[in-house]
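Numbering (our numbering), first residue to last: 38 to 128.
We put the beta carbon where it would ideally sit given N, CA and C, even for glycine.
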Ligand SMILES: [Zn+2]
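Okay, structure coming up:
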């Protein structure tokens with residue numbers, strides 16, 4: 038099926054009538070929340086960054102998914118935060 042813009046509007050209106058106008062703001066809100074969370078996730082960024090790679094403290098190779106550095110015992114959070122710091126200052 039291929040809808041042109043006015044047809045889409047009519048379909049939207051029918052959907053609005055069928056499901057009730059009250060549900061749409063809820064839907065829009067949950068969609069907005071999802072995109073907001075996605076954006077804030079991007080901002081926090083470093084939490085999503087992998088710990089995999091050389092440790093910024095002792096240069097030991099840290100395997101992905103590990104909670105601590107095998108070399109110096111720093112936590113994954115410290116490693117990722119330090120990496121982010123180094124990335125910021127080097128650029
Ligand atoms: Zn280390």
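Item                                                                                                                                          : Value
Can you pull every residue whose C-beta falls closer than 6 Å to some heavy atom of ligand 1, listed in chain order?                          : 92, 94, 95, 97, 106, 108, 109, 111
List the DSSP bridge partners of residue 67.                                                                                                  : Partner(s): none; residue 67 has no beta bridge.
Work out the CA separation of residue 88 and residue 97 for me, nearest whole Å.                                                              : 12 Å
Taking just the CA atoms, how far does residue 61 sit from residue 53?                                                                        : 7 Å
Flag this pair as touching only if the region 114-125 and the region 91-106 have three or more C-beta atom pairs under 8 Å; answer yes or no. : yes
Are the Cβ atoms of residue 99 and residue 106 separated by less than 7 Å?                                                                    : yes
Spell out whether any CB of chain C is found under 7 Å from the CB atom of residue 93.                                                        : You won't find chain C in this structure, because it holds only one protein chain.
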